[in-house]
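Visitor: In the working numbering, the protein residues as written are 251 to 470.
Using N, Cα and C, we set each Cβ at its ideal position, and we do this for glycine too.
Just so it is clear, the structure is predicted and the values come from calculations on it, not from any experiment.
The following block contains the structure, expressed as structure tokens.
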Amino acid sequence: MFQKIKFYDGKEPEGWQPFLKELSKDNAKGILLFVGEETPFDYKQLQPLLKTMDIEVWGGIFPEVIYNGSLYKQGVVGCAFKSPVSIEVVKDLSKFKSNFPEDFVSKNTQTLLILTSAYADNIPLLIETLYEKYFKDMTFIGGSAGSIINIDQPSLFTCDDIFVGGAIIAAVEDFMSVGINHGCQPISEPAIASSVDKNIIRSINWEPAFEYYKRIVEQD
């Protein structure tokens, strides 16, 4: 899976070069970056460095990142892959038409690692398309990137671009799995999402969603 995982505080722009150089050592096949949203992340300044890399480098911006059991709003977690990896980018999921290049997944691909923009349209269609096409042979892992402060902030990036409203799918020639559980416990009875607007819940049990959430949380 990962041959190396490193943390960089992201405070100084000049720290990116040694950080990426260290991650790319030992014949790494790709680098995935998780960036905390309070990191002073200047993509335009970083892009020329990303373009010098001879392996795939991609990532997302998140409210917080986790490293060695600690949460960081500022900082970068870099994961270096030991097995070959290729990526496919969907920049605008609202225009997604359920098609992927035939050569995107190789016969040795074991895992599809999916990052989406948290507020993007058509995420279910993307997942369903991938599952219907590859479910017999693949492990699926993924999550959503994005800011809770500014939902329109670009949150996904490769060496070519930074964008919002899309997805990055990585085909990894290795088995990957999730080593944690969510740990959540129910705090209310089941409820009905009585009004939705795409991926936004407007009302629950026929009352405003915010008021419903507020009451349940305060009761708990």
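1) My understanding is that residue 337 touches residue 389, with C-beta atoms under 8 Å, so please give their C-beta distance in whole angstroms.
2) Should residue 393 go down as buried or exposed, given a rule of 16 or more other Cβ atoms within 10 Å for buried?
3) Taking C-beta to C-beta, are residue 364 and residue 329 nearer than 8 Å?
4) What residue range is occupied by the uninterrupted beta strand (DSSP E) comprising residue 378?
5) With a threshold of 7 Å, establish whether the CB of residue 408 neighbours any heavy atom of the ligand SAM.
6) Determine contact between the stretch 295-308 and the stretch 405-425, defined as no fewer than three beta-carbon pairs at a distance below 8 Å.
7) Quick check: the Cα distance between residue 277 and residue 308, rounded to an integer number of angstroms?
8) From residue 355 to residue 423, what does the alpha carbon distance come to, in whole angstroms?
9) Report the residue from 317, 350, 343 whose alpha carbon sits nearest the alpha carbon of residue 367.
Guide: With the given structure in hand:
1) About 17 Å; that fails the 8 Å criterion.
2) exposed
3) no
4) No beta strand (DSSP E) contains residue 378, which is instead part of the alpha helix (DSSP H) from 373-384.
5) Ligands in the displayed structure: none, and consequently the ligand SAM is not present.
6) Per the Cβ contact rule, the stretch 295-308 is in contact with the stretch 405-425 (3 or more Cβ pairs under 8 Å).
7) 17 Å
8) 9 Å
9) 343
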